[in-house]
Amino acid sequence: MFEVHCPYCNEKRPEIEFAYAGEAHIVRETKADELTDQEWAEFLFYRDNKRGDHHERWWHQHGCNMFFNAVRNTLTDKFVMTYKMGVKRPTKTQIKAAKNGK
Amino acid sequence: MKFSASSLFANALSGHKKWPEQFPNKEPKKRYDIVIVGAGGHGLGAAYYLAKKYGISNIAVIEKCWLGGGNTARNTTIIRSNYLFDESTAIYDHAVDLWDGLSQELNYNTMFSKRGVLMLAHNVHDVQSFQRHVHANRLNGVDNKWLSPQECKKFLPILDISQNRHYPVMGGALQMRAGTARHDSVAWGYARAASQLGVDIIQNCAVTGIRRSKDGAVKGVETEKGFIAAGKIGVSAAGHSSTVMDMAGLRFPLESYPLQALVSEPVKPVLNCVVMSNAVHAYISQSDKGELVIGAGTDQYTSYSQRGALHILEHTLMSICEIFPIFKRMRMLRSWGGIVDVTPDRSPILGKTPIEGLYVNCGWGTGGFKATPGAADLFAYTIAHDEPHKINAPYNLDRFVTGRLIDEAAAAAVAH
Chain R
12 MFEVHCPYCN
22 EKRPEIEFAY
32 AGEAHIVRET
42 KADELTDQEW
52 AEFLFYRDNK
62 RGDHHERWWH
72 QHGCNMFFNA
82 VRNTLTDKFV
92 MTYKMGVKRP
102 TKTQIKAAKN
112 GK
Chain E
3 MKFSASSLFA
13 NALSGHKKWP
23 EQFPNKEPKK
33 RYDIVIVGAG
43 GHGLGAAYYL
53 AKKYGISNIA
63 VIEKCWLGGG
73 NTARNTTIIR
83 SNYLFDESTA
93 IYDHAVDLWD
103 GLSQELNYNT
113 MFSKRGVLML
123 AHNVHDVQSF
133 QRHVHANRLN
143 GVDNKWLSPQ
153 ECKKFLPILD
163 ISQNRHYPVM
173 GGALQMRAGT
183 ARHDSVAWGY
193 ARAASQLGVD
203 IIQNCAVTGI
213 RRSKDGAVKG
223 VETEKGFIAA
233 GKIGVSAAGH
243 SSTVMDMAGL
253 RFPLESYPLQ
263 ALVSEPVKPV
273 LNCVVMSNAV
283 HAYISQSDKG
293 ELVIGAGTDQ
303 YTSYSQRGAL
313 HILEHTLMSI
323 CEIFPIFKRM
333 RMLRSWGGIV
343 DVTPDRSPIL
353 GKTPIEGLYV
363 NCGWGTGGFK
373 ATPGAADLFA
383 YTIAHDEPHK
393 INAPYNLDRF
403 VTGRLIDEAA
413 AAAVAH
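Going down the list, the protein sequences come from chains R and E.
Quick note on the working numbering: the first sequence kicks off at 12 and runs consecutively.
Quick note on the working numbering: the second sequence kicks off at 3 and runs consecutively.
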């Protein structure tokens, strides 16, 4: 079990308080009726499944009940950073800075 | 060299020091007709069937680590085919058919033991759902029968069927052709048989890229030992399938999760079948060595770390002790995590890809071991014919676009 920093509570809490909620930054198309079947399949089913730094959603289910985003390394399971919903997808430079503890 | 009573006797006289190498570790040639990526049971089996059934022996099986060291070595060795849907029973029962004669065919003891899989029902929903499975299985010619609590007790004497338990046993579905096999010997048996037919097994050689020609077809694989040309490439890389497909520029509907399992200290025979329970959420069997082999669901997050969280194991053991309080004081010896590639409908992807000459056998999620011979056989058919067999035709990649999903998730056992 690891500790997860909730950006809303602004504190580290044990993993069992949280639920994993899949890949982050998958935006629902506003013009849904114009999508092809292939595009729908990609939105619904296709995932990065990244080996390395992965952008993902977490839900502080047994805490503040808020969803937030995180970058976690899927080789070490270590969280690199967590950030509030609506914050832009961190760039590689920002991820690197977070890893160096800046 | 053939294993037999006389070869065993002859080698005993020389102190078992003169057994020949079972599967020589080869250096790669420049070119192969077919390259299989991943030397687990599925990949080695596919190479074996390609050589045996279709006479193609210019094959290399390329493995990043050592053969059979991935999910083949990281499962709970359960074999069954009591799935709900027609497509599922067809594919898993094909595997059970092949498991049946596998030791004889490979001349290698896979220790397939048809000890039966008993799925316990603890509530009205379980009873209805399992009886539906029993009927669906019977229509598909798959053995599965309904047992009353008393019949369950008769079959499995250590089961407590008193009705004042938190999770009372209200019956069970028993598949007698189901059971367990020795996981390592499946990989070793296929490796040995394939080697004897001229297949090269190249270990400790990671694939780092897939080279394609101008018209898009595959040309070969880039590896740690240089470029290897191939007419066709079959990817059988389990939890790392999407990583390998990414090398060919393909995104896949897969997510890789850790699935943990653990074994106890060995004890005398006490558990004569495999027991699964959806409601309490765990499954257990006893190995021939005497260890209890225990598993449950996947961890919640995607990962490639081959380890999971301790609280998942704690939950698994709590469930086992709930069903079998007599195991409360057993000590656990080892635990491990395998990386399982899960599809949105919890059914595998076994067939062609949008790239010419590139084939894939992935997405088995938490249920890949039981399918080993069947998947390998169908994968070999698909590669040899450049089109899927009718059993694996529904397991195409297209189903995520057409919507013809094989949604076994709703009909899953504990974690498939």
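For glycine and all other residues, C-beta sits at the position ideal for the given N, C-alpha and C.
All values derive from a computational prediction rather than experimental measurement.
Identity of the residue in the options nearest residue i by Cα
{"i": "His135(E)", "options": "Asn111(E), Trp101(E), Gln177(E), Lys221(E)", "result": "Gln177(E)"}
{"i": "Ser480(E)", "options": "Gly359(E), Phe25(E), Gly174(E)", "result": "A question about residue 480(E) goes unanswered here, because the residues of chain E that appear run from 3 up to 418."}
{"i": "Thr91(E)", "options": "Trp68(E), Val144(E), Ala41(E)", "result": "Val144(E)"}
{"i": "Lys99(R)", "options": "Glu50(R), His36(R), Glu53(R)", "result": "His36(R)"}
{"i": "Pro271(E)", "options": "Val265(E), Leu294(E), His283(E)", "result": "Leu294(E)"}
{"i": "Leu158(E)", "options": "Ala189(E), Met121(E), Arg179(E)", "result": "Met121(E)"}
{"i": "Ile81(E)", "options": "Lys372(E), Gln262(E), Leu149(E), Ser337(E)", "result": "Lys372(E)"}
{"i": "Asn84(R)", "options": "Asp64(R), Asp59(R), Arg58(R), Thr47(R)", "result": "Asp64(R)"}
{"i": "Val344(E)", "options": "Ala240(E), Arg76(E), Phe11(E)", "result": "Ala240(E)"}
{"i": "His242(E)", "options": "Gly365(E), Ala196(E), Ser197(E)", "result": "Gly365(E)"}
Endpoints, alpha helix (DSSP H) assigned at residue i
{"i": "Met247(E)", "result": "243-249"}
{"i": "Gln106(E)", "result": "88-108"}
{"i": "Ser287(E)", "result": "Per DSSP, Ser287(E) belongs to no alpha helix (DSSP H); it is in the beta strand (DSSP E), 284-288."}
{"i": "Ser131(E)", "result": "126-141"}
{"i": "Ser8(E)", "result": "7-15"}
{"i": "Thr374(E)", "result": "374-387"}
Cβ shell of residue i (< 8 Å), same chain only, five flanking positions each side left out
{"i": "Glu29(E)", "result": "Ile204, Lys227"}
{"i": "Lys110(R)", "result": "Val91"}
{"i": "Met172(E)", "result": "Ala123, His124, Asn125, Val126, Asp128, Val129, Pro151"}
{"i": "Glu389(E)", "result": "Lys354"}
{"i": "Cys67(E)", "result": "Gln205, Asn206"}
{"i": "Ala250(E)", "result": "Ile212, Arg214, Val220, Thr355, Ile357, Leu360"}
Whole-angstrom distance between residue j and residue i, CA atom to CA atom
{"i": "Asp217(E)", "j": "Gly236(E)", "result": "19 Å"}
{"i": "Thr210(E)", "j": "Glu45(R)", "result": "38 Å"}
{"i": "Ala417(E)", "j": "Gly299(E)", "result": "Reliability of the predicted coordinates at Ala417(E) is poor, the pLDDT of 48 falling under 50, and the value obtained from them is presented with this limitation in mind. Distance between the alpha carbons of Ala417(E) and Gly299(E) is about 5 Å."}
{"i": "Lys291(E)", "j": "His73(R)", "result": "42 Å"}
{"i": "Phe79(R)", "j": "Pro25(R)", "result": "16 Å"}
{"i": "Thr368(E)", "j": "Val342(E)", "result": "6 Å"}
{"i": "Gln105(R)", "j": "Tyr56(E)", "result": "53 Å"}
{"i": "Glu358(E)", "j": "Gly222(E)", "result": "12 Å"}
{"i": "Ala43(R)", "j": "Lys95(R)", "result": "26 Å"}
{"i": "Glu65(E)", "j": "Gly191(E)", "result": "16 Å"}
{"i": "Ile351(E)", "j": "Ala395(E)", "result": "10 Å"}
{"i": "Arg167(E)", "j": "Arg117(E)", "result": "26 Å"}
{"i": "Ala49(E)", "j": "Ala382(E)", "result": "7 Å"}
{"i": "Pro101(R)", "j": "Ser279(E)", "result": "43 Å"}
{"i": "Ala281(E)", "j": "Gly40(E)", "result": "35 Å"}
{"i": "Thr374(E)", "j": "Leu335(E)", "result": "27 Å"}
{"i": "Ala108(R)", "j": "Ala81(R)", "result": "15 Å"}
{"i": "Gly340(E)", "j": "Lys32(E)", "result": "33 Å"}
{"i": "Asp202(E)", "j": "Glu316(E)", "result": "42 Å"}
Beta-ladder partner(s) of residue i, from DSSP
{"i": "Gln427(E)", "result": "Lying outside 3 to 418, the shown extent of chain E, residue 427(E) is not represented and no answer is given."}
{"i": "Glu316(E)", "result": "In DSSP, Glu316(E) forms no bridge with anything."}
{"i": "Val15(R)", "result": "Arg24(R)"}
{"i": "Ala180(E)", "result": "Paired residue(s): none; Ala180(E) is not in a bridge."}
{"i": "Asp64(R)", "result": "Asn84(R)"}
{"i": "Cys364(E)", "result": "Ile351(E)"}
{"i": "Val295(E)", "result": "Val265(E), Ser287(E)"}
{"i": "Ser187(E)", "result": "Per DSSP, none; premise fails for Ser187(E)."}
Contacting residues, own chain, Cβ-Cβ under 7 Å from residue i (five flanking each side not counted)
{"i": "Ile36(E)", "result": "Leu52, Ile58, Ile61, Ala232, Gly233, Lys234, Gly236, Ile385"}
{"i": "Phe329(E)", "result": "Leu294, Ile322, Cys323"}
Boundaries (first-last residue) of the beta strand (DSSP E) holding residue i
{"i": "Ala62(E)", "result": "61-64"}
{"i": "Glu45(R)", "result": "Note, Glu45(R): premise wrong, no beta strand (DSSP E); not H, not E."}
{"i": "Asp80(R)", "result": "For the sequence presented, residue 80(R) should be read as Asn rather than Asp. Here the beta strand (DSSP E) through Asn80(R) covers 78-84."}
{"i": "Phe90(R)", "result": "90-95"}
{"i": "Cys154(E)", "result": "Where Cys154(E) is concerned, there is no enclosing beta strand (DSSP E), although the alpha helix (DSSP H) it sits in stretches over 151-157."}
{"i": "Ala232(E)", "result": "228-237"}
{"i": "Leu120(E)", "result": "119-123"}
{"i": "Gly167(E)", "result": "The amino acid occupying residue 167(E) in the given sequence is Arg; Gly does not appear at that position. From DSSP, Arg167(E) is part of no beta strand (DSSP E); its letter is neither H nor E."}
Contacts around residue i, its chain only, beta-carbon distance under 6 Å, and the 5 residues preceding and following it disregarded
{"i": "Phe13(R)", "result": "Glu26"}
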